[in-house]
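>
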Amino acid sequence: MRLKLFLTAFLLSLPFWCGINAFQENMEKFFYAQISLPFEQIVKIEVPLEPIKPNLDIDVKSAISVVINPQAQQKLLFRKNIDEILPIASLTKLMTALIVLENSENYNSNQKNLLNSMLIESNNESAELLAEMIGTAKFIDLMNKKAKDLNLKDTKFVNPTGLDPEDESLNYGSKTLDYFNHSTVKNLVNLTKHILKWYPEIFEISSLQNNLSNESSDFVINTNELLAQISNIKGGKTGWTDIAEGCMLLVLNDDRGNTFINVILGAETRESRFEEMKKIIDWLNL
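Residue numbers for the sequence shown follow our numbering, beginning at 50 and rising by one.
1. Between the alpha carbons of LYS283 and PRO249, how many angstroms are there, rounded?
2. What are the boundary residues of the alpha helix (DSSP H) that ALA180 is part of?
3. Please list the terminal residues of the continuous alpha helix (DSSP H) segment that includes GLN160.
4. For the region 127-135 against the region 227-236, are there 3 or more C-beta pairs whose distance is under 8 Å?
5. Answer yes if the region 147-158 comes into contact with the region 176-190, meaning at least three C-beta pairs across the two stretches below 8 Å, and no otherwise.
6. With 16 as the cutoff for other CB atoms within 10 Å, does LEU240 come out buried or exposed?
7. What does a CB cutoff of less than 8 Å around GLN278 pick up in its chain, not counting 5 residues either side in sequence?
8. Count the other CB atoms, across all protein chains shown, that sit within 10 Å of the CB of ARG305; report buried if there are 16 or more and exposed otherwise.
9. Which first and last residues belong to the beta strand (DSSP E) in which LYS224 is found?
10. Can you name the residues that DSSP bridges to PHE378?
11. Run the CB neighbour count on GLU253, radius 10 Å, all protein chains shown included, and call it buried at 16 or more, exposed below.
12. Would ASP213 pass as a contact of ILE292 if the rule is Cβ separation under 8 Å?
13. Can you find the residues in the same chain that come closer than 8 Å, C-beta to C-beta, to ILE329, ignoring five residues on each side of it along the sequence?
14. Just verifying my parser: in three-state terms, what is the DSSP assignment at ASN302?
15. Quick check: what's the CA-CA separation for SER139 versus ILE117?
16. Which same chain residues, not among the five before or five after ASN193, have their C-beta less than 7 Å away from its C-beta?
17. Is ALA121 helix, strand or coil when you go by DSSP?
18. Please list the terminal residues of the continuous alpha helix (DSSP H) segment that includes PHE309.
19. For MET144, which residues in the same chain have their Cβ closer than 6 Å to its Cβ, ignoring the five residues on either side in sequence?
20. Return helix, strand or coil for GLN90, following the three-state DSSP convention.
21. Compute the beta-carbon to beta-carbon distance between LEU125 and LYS195, rounded to the nearest angstrom, for a pair I have assumed lies under 8 Å.
22. So, with DSSP's three-state summary, where would you put THR210?
23. Taking DSSP as the reference, what is the three-state secondary structure of SER139?
24. Please classify GLY222: is it buried, with 16 or more other beta-carbons within 10 angstroms of its beta-carbon, or exposed?
25. Do ILE244 and LEU168 have their beta-carbon atoms positioned less than 8 Å apart in this structure?
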């Protein structure tokens, strides 16, 4: 009886074992066929090796670097406290210039020369005169409305220059925020993108090698030597007040049509804003 059951089970399992043997035979034929091919025809998977950038340590309160390719796609390259709300000093004048150009019907050609003075020399009086021509209070309202329209949620303006409050007893902090023009490096990138798209002449007018003529001549010479080491500068803006400290926004292009927007806020000295920006540019290998 047991023998009969064993024979029956064996006969029933024959198709299964035959299938296993056939599958194994086919697999062996497949692999042997692959091995028999010339070596260069055998498909192999390679893991691409990308160079790892070293960490970048810059002595500023906040910084950002982004690249925008010709298809308008943006990539964040470097960040440090990009959401920290800080005073922006004369970077304010980028918004001032934008409001002037958006309301150009209120200015004649002679008055528009003040725009050059404001951007090239960072002249505060020129910024104030431009605002006065349509009413300073109205002008500042337009600045803040534009910030809102551009969704610059952490940006506010109280004057067209970026100067610190006349009350020198006011220190910058969460309770005194509304006494200072303030923003974030992330917001400033978005403002820059809007300017590049609609009013690129703002950066064409600006010249970082000249916009410090109202400072000491020795400092201007040192600054020009430093910036001469950076190629493909499209434009930018600098800023300094005792409270905001050193601020700088620099726009660069490369030979492939990419645009780099770099912003730093809160460098310790007038000189160091350029030195810290140079660190970013060197890190980008531009």
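In this text, a Cβ means the ideal position worked out from N, Cα and C, and glycines have one as well.
Put simply:
1. Sequence index remark: in the sequence shown, residue 283 carries index 234 (1-based). Sequence index remark: in the sequence shown, residue 249 carries index 200 (1-based). Computed Cα separation, rounded: 10 Å.
2. By one-based count along the sequence shown, residue 180 stands at place 131. Run containing ALA180: 173-181, per the alpha helix (DSSP H) assignment.
3. As a first step, residue 160 is located in the sequence shown; it is residue number 111 there, counting from the start. 158-169 is the span of the alpha helix (DSSP H), which, as asked, contains GLN160.
4. At 8 Å Cβ cutoff, the stretches touch.
5. Cβ pair count under 8 Å is three or more, so yes.
6. Start at 1 with the first residue of the sequence shown, and residue 240 comes out as number 191. Burial call: buried.
7. The residue you call residue 278 lines up with position 229 of the sequence shown. The residues are LYS327.
8. The residue labelled residue 305 in the question sits at position 256 within the sequence shown. Exposed is the call here.
9. In the sequence shown, residue 224 corresponds to position 175, counting from 1. For LYS224, there is no enclosing beta strand (DSSP E), since its DSSP letter is neither H nor E.
10. Here the chain has residues from 50 to 335 only, and residue 378 is not among them.
11. Residue numbering aside, residue 253 sits at position 204 when the sequence shown is read from its first letter. By the neighbour-count rule (16 or more Cβ atoms within 10 Å), GLU253 is not buried but exposed.
12. Counting from 1 along the sequence shown, the entry for residue 213 is found at position 164. Counting from 1 along the sequence shown, the entry for residue 292 is found at position 243. Taking C-beta atoms as the reference points, ASP213 and ILE292 count as a pair closer than 8 Å.
13. Here residue 329 refers to the residue found at position 280 of the sequence shown. LEU105, ILE107, ALA112, SER114, PHE127, ASN311 and ILE313.
14. Numbered from its first residue, the sequence shown carries residue 302 at position 253. In the three-state reduction of the DSSP assignment, ASN302 falls in the strand class.
15. In the sequence shown, the residue the question calls residue 139 occupies position 90. In the sequence shown, the residue the question calls residue 117 occupies position 68. Whole-angstrom Cα-Cα distance: 24 Å.
16. One-based indexing of the sequence shown puts residue 193 at position 144. If we look at ASN193 and ignore the five residues flanking it on each side, its Cβ neighbours are LYS205 and PHE206.
17. Residue 121 sits at position 72 when you count from the first residue of the sequence shown. Of the three classes helix, strand and coil, the one that applies to ALA121 here is coil, per DSSP.
18. On the sequence shown, residue 309 is found 260 positions in, with the first residue counted as 1. That residue, PHE309, is in no alpha helix (DSSP H); its beta strand (DSSP E) goes 308-316.
19. To locate residue 144, count along the sequence shown from 1; it is residue 95. Around MET144: MET192.
20. As a working mapping, residue 90 is identified with position 41 in the sequence shown. A caution first: GLN90 carries a pLDDT of 43, below 50, which makes its placement in the model unreliable, though a value can still be read off. Looking at GLN90 - three-state DSSP - the assignment turns out to be helix.
21. The residue you call residue 125 lines up with position 76 of the sequence shown. The residue you call residue 195 lines up with position 146 of the sequence shown. About 24 Å separates the beta carbons of LEU125 and LYS195, which is beyond the 8 Å limit, so they are not a contact pair.
22. Counted from its first residue, the sequence shown places residue 210 at position 161. Under the three-state reduction of DSSP output, THR210 falls in the coil class, being neither helix nor strand.
23. As a first step, residue 139 must be located in the sequence shown, where it is residue number 90. The answer is helix: DSSP assigns SER139 an H, G or I state.
24. For the purposes of this step, residue 222 is taken as residue 173 along the sequence shown, with counting starting at 1. So GLY222 counts as exposed.
25. Here residue 168 is taken as the residue at index 119 of the sequence shown, counted from 1. Here residue 244 is taken as the residue at index 195 of the sequence shown, counted from 1. The Cβ atoms of LEU168 and ILE244 do not sit closer than 8 Å to each other.
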